[in-house]
Structures are given as structure tokens and as C-alpha cells.
Amino acid sequence: MPTALGFLRNRLLAPSLSEVTFEERGFPAANGAEVSRLESIAQSVVCGFEWGMGGDDPAEIEYRLNVIDAEFRGFAYEGVTMAFTILDALRGGRGTRTRDLLRGPAHPHIFLTYIGIGFAMARLPRVLWKNVLPDLTGSPYYPTMSWLAVDGYGFDRAFFDTRRWVDEQYVPTPYSWDGAPGYFLRAVDQGIGRALWFVHGANVEESAAAVERFAAHRHADLFSGIGLAATFAGGASPDDLAKLRVLSGEHIAEVALGAVFAAKARSYAGFVPSHTELATTALAELSVTDAAAIADRAGVAEGDTAAGGEVPAYELWRGRIRARLD
């Protein structure tokens with residue numbers, strides 16, 4: 090049962106299940122079946138967060154997560170990671186729940202759990218951010234893929250503060266994540282791009298039009314986020330996906346890059362829904378297996394950077410994937 094402190098933290102920090110419905114957020118819901126899937130994603134995150142904040146034994150939480158449908162299980166782990174990150178941060182970074190989770194049962198969902206850390210960052214003062222990333226030495230995706238936490242931060246802000254971050258195209262103050270403050274805003278924009286897919290109810294035309302309202306130098310990363318969301322979360326028909334390729338124009342390689350990342354993440358988690366296979370083929374002209382192999386071959390060595398450290402290993406990896414898609 091949740092402790093009194095866990096219940097209080099839940100109420101102060103967590104959105105309710107109703108708050109993440111498209112009706113409550115004011116997002117369009119023209120395609121009922123597909124929007125329902127996107128809402129289920131957001132609600133899975135909230136459920137995971139509530140379980141994580143409730144003070145239950147980690148083994149009990151793992152049991153609950155294992156009964157969630159495989160398509161949504163990673164999102165629930167995302168929510169648990171968000172909760173554990175907050176709990177560890179409130180202990181001055183001395184907690185080990187997040188580290189143990191990501192080294193253990195959540196490891197197949199490592200891409201999404203990094204995003205969960207970003208959701209926690211959106212609810213913590215920046216002074217605590219220095220302690221949110223657990224030591225995952227030994228993982229092939231540490232610390233390179235930790236930039237997905239910054240992506241998650243951008244997604245969260247665009248989803249919950251849409252007027253400021255989407256309509257007004259707010260630009261946050263850079264932060265020296267992984268020693269590369271110059272890349273921080275780009276990673277945030279990748280998350281905002283993912284959020285655009287949800288904010289516009291998986292509507293291809295509206296999502297692409299929203300990108301065009303941002304400054305031109307932000308378009309590539311925003312389209313990358315849209316490609317990732319369309320592939321990982323779904324919501325688009327084959328005709329819609331073909332239209333996205335056209336509407337992305339010169340940024341089609343970025344959309345394909347997002348699709349490859351999504352394919353890799355789904356493949357690594359061990360469950361690939363049909364919409365991911367469909368979107369990977371439509372947006373990157375690859376099977377999920379081939380897309381994941383490209384991502385693996387493009388991998389970078391730990392500590393690789395460029396331009397004096399301002400281009401982190403994460404972007405080097407993205408660049409190598411992009412080059413293989415040309």
C-alpha cells in the first residue's frame with residue numbers, strides 16, 4: 090500500500106489519468122482509434138509513475154509491469170523511472186532505485202527509461218539535475234543515449250505547457266548536459282517534435298505545419314522527433330506516412346533517422362508492433378531488423394565527441410545513421 094508520504098508526493102507531482110486525455114489537454118481527437126492508443130501511452134506512463142511513487146517493493150512493481158500489454162509496458166517503465174528519479178533526487182542523489190531499475194528489469198526499455206528521467210527533470214529544480222543520471226557503466230548505451238533524458242524533458246514541457254513551448258516556441262536556457270551545453274537545445278527540440286505528434290493527434294498535416302511555425306534552424310530536430318513518434322507510438326496510416334515524407338521536404342532524412350531510432354528501441358525491447366514495422370518501411374525504406382542493424386553499425390565509442398566537445402557522441406551516432414540513409 091502507498092505510504093502517506095508517497096501519496097502526498099503523488100498528488101504534488103503526478104498528473105492524473107484524466108489530465109493526459111486529449112480532451113483534457115485540448116488536443117484534437119479526430120481519429121478515435123489511433124488517438125485512443127496515444128492516450129493509452131500517456132496513461133501507461135502515469136500508472137507507472139503512481140506505482141513507483143507509492144512506496145511498493147520493487148519486486149511488486151516489476152510484477153505489475155509484467156502484466157501490462159507488451160506494446161505499452163515500456164511506457165509504464167518510463168513512468169516508474171520518472172518516480173524513482175524524483176525519489177533518488179530528493180535524497181540528494183544518494184538513492185539507488187533508478188540505477189537498480191535500469192540495470193535490472195528495465196534494461197530492455199533503456200531508451201524509454203532515459204526519457205522517464207527527463208520527465209522527472211521537468212518536475213525538479215535544475216540544481217538537482219546533476220544527480221539524476223545513474224551510473225550505468227557497462228551498458229552500451231551509457232552515457233551516449235542519456236541525451237534522451239533531455240529529449241524527454243522537451244517532450245514533457247511541450248505536452249503539459251503547450252501554449253508556451255509549442256504555440257509561442259519558447260527557448261529554454263541551455264544546460265551543460267554530458268558536458269555539451271551547446272547541444273542541449275537541439276535535444277530539447279527532438280522531444281518537442283515527438284510531442285507535436287501527440288499535440289496534433291497524429292495528424293500529419295497539422296504536425297508538419299506546426300514545425301514550420303518554429304525558427305528554420307529548429308526544423309530538422311523537430312522532424313526527427315515526429316518521425317520517431319510516428320514509428321514508435323503509431324497513429325498514422327500508410328497514406329499518412331507517405332504524406333509525411335513529402336511534407337518533411339528537405340528534412341526527410343531526419344524523419345527517417347527518427348524512424349530508425351524507434352525501430353532500434355522497439356527491437357531492443359523485444360516487441361515490435363505492426364505499426365512500427367509499417368512506419369519504418371514507409372519512412373526509412375527499411376525493415377525493423379535492417380534499421381536496428383544500421384543503428385548498431387553506426388555506434389560510437391564511449392567518450393567520442395567532436396568540435397571541442399560541443400557535438401556529443403549521441404549526435405555523432407545520429408549523424409552516422411543519417412549518412413547511411415542517404
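Take the sequence shown: its letters are residues 90 to 415, numbered as in our numbering.
Glycine included, C-beta positions come from ideal geometry on N, C-alpha and C.
Q: Could you spell out the range, first to last residue, of the alpha helix (DSSP H) harbouring THR365?
A: Sequence index remark: in the sequence shown, residue 365 carries index 276 (1-based). Segment 363–373, the alpha helix (DSSP H) holding THR365.
- Among ARG413, ALA384, LEU414, ASP415, nearest to TYR403 - alpha-carbon criterion: Position 314 of the sequence shown, counted from the start, is the residue given in the question as residue 403. The candidate whose alpha carbon is nearest that of TYR403 is ALA384.
Taking only three categories from DSSP, how would you classify VAL288? Translated into the one-based positions of the sequence shown, residue 288 becomes position 199. The answer is helix: DSSP assigns VAL288 an H, G or I state.
Report task. State the Cα-Cα distance for the pair ARG234 and PHE360, rounded to the nearest angstrom. Result -> In the sequence shown, the residue the question calls residue 234 occupies position 145. In the sequence shown, the residue the question calls residue 360 occupies position 271. Looking at the sequence shown, residue 234 is not Arg but Met. PHE360 has its alpha-carbon roughly 20 Å from the corresponding atom of MET234.
Practice prompt. Would you list, in sequence order, the uninterrupted beta strand (DSSP E) runs of no fewer than 3 residues that lie entirely inside the segment 107–162?
Written response: none
Starting from ALA304 and walking both ways along the alpha helix (DSSP H), at which residues does that stretch end?
Sequence index remark: in the sequence shown, residue 304 carries index 215 (1-based). Careful: ALA304 lies outside any alpha helix (DSSP H) and carries neither H nor E.
Inset, instruction - State the start and end residues of the unbroken alpha helix (DSSP H) segment that holds PHE208. - result: What you label residue 208 is simply residue 119 of the sequence shown in a count that begins at 1. Taken as a continuous stretch (DSSP letters only), the alpha helix (DSSP H) holding PHE208 covers 199–210.
ask   = Apart from the five residues on each side of it in sequence, which residues of its chain come closer than 6 Å, Cβ to Cβ, to GLY332?
value = For the purposes of this step, residue 332 is identified with residue 243 of the sequence shown, where counting begins at 1. This sequence places Lys at residue 332; Gly is not what is there. Cβ within range, chain order: VAL293.
**Request:** Using 10 angstroms around the beta-carbon of ASN99, count the other beta-carbons present and answer buried if the total reaches 16, otherwise exposed.
**Result:** Counted from its first residue, the sequence shown places residue 99 at position 10. The predicted model places ASN99 with a pLDDT of 49, which falls under 50 and marks its position as unreliable; any figure quoted below should be read in that light. The residue is buried, with at least 16 neighbouring Cβ atoms inside 10 Å.
Practice item. Consult DSSP for VAL221 and reduce its assignment to one of helix, strand or coil. Key: Locating residue 221 in the sequence shown gives position 132, where the first residue counts as 1. Here DSSP, grouped into helix, strand and coil, assigns VAL221 to coil.
Distance between ARG188 and LEU225 (C-alpha atoms, nearest Å): On the sequence shown, position 136 is the one that residue 225 refers to. On the sequence shown, position 99 is the one that residue 188 refers to. Roughly 7 Å between the two C-alpha positions.
Cut-off 6 Å between Cβ atoms - residues of its own chain near VAL134, not counting five sequence neighbours on either side = Position 45 of the sequence shown, counting from 1, holds the residue named residue 134. Non-local beta-carbon contacts of VAL134 in its own chain, meaning distances under 6 Å to residues more than five positions away in sequence, involve PHE164, GLU167, GLY168 in chain order.
| Buried or exposed: VAL335, going by 16 or more other Cβ atoms within 10 Å of its Cβ? | On the sequence shown, residue 335 is found 246 positions in, with the first residue counted as 1. Exposed: under 16 other Cβ atoms inside 10 Å.
Rounded to a whole number of angstroms, what is the C-alpha to C-alpha distance between ALA368 and ALA319?
The sequence position of residue 368 within the sequence shown is 279, counting from 1. The sequence position of residue 319 within the sequence shown is 230, counting from 1. Near 7 Å, if we compare the C-alpha coordinates of ALA319 and ALA368.
- ASP177 - DSSP class collapsed to helix/strand/coil: Along the sequence shown, one-based indexing puts residue 177 at 88. Residue state, collapsed to three classes: helix.
Notebook entry, point to check: Cα separation between GLY143 and CYS136?
Noted result: Within the sequence shown, numbered from 1, the residue matching residue 143 stands at position 54. Within the sequence shown, numbered from 1, the residue matching residue 136 stands at position 47. GLY143 and CYS136: Cα-Cα distance of roughly 11 Å.
**Prompt:** Candidates ALA195, GLU139, ALA172: which alpha carbon is nearest ASN155's?
**Reply:** By 1-based counting over the sequence shown, the position of residue 155 is 66. Considering only alpha carbons, the answer is ALA195.
Does GLN279 come out as helix, strand or coil in the three-state DSSP assignment? Along the sequence shown, read from residue 1 onward, the residue named residue 279 stands at position 190. Here GLN279 sits in helix by DSSP.
Use the C-beta contact count for GLY205: other C-beta atoms within 10 angstroms, 16 or more gives buried, fewer gives exposed. Walking along the sequence shown from the start, residue 205 turns up at place 116. Counting Cβ neighbours within 10 Å, GLY205 comes out buried, since at least 16 surround it.
Which residues in the same chain have their Cβ closer than 7 Å to the Cβ of ARG413, if we skip the five residues on either side of it in sequence? Residue 413 sits at position 324 when you count from the first residue of the sequence shown. Cβ neighbours of ARG413 beyond the five flanking positions: ILE383, ALA387.
message = Less than 8 Å between the beta carbons of LEU317 and PHE350, yes or no?
response = As a first step, residue 317 must be located in the sequence shown, where it is residue number 228. As a first step, residue 350 must be located in the sequence shown, where it is residue number 261. Yes; because the gap between Cβ atoms is below 8 Å, this pair is in contact.
Exercise. Which of the three DSSP states, helix, strand or coil, is assigned to SER326?
Worked result: Indexing the sequence shown from 1 puts residue 326 at position 237. Coil at SER326, not helix or strand.
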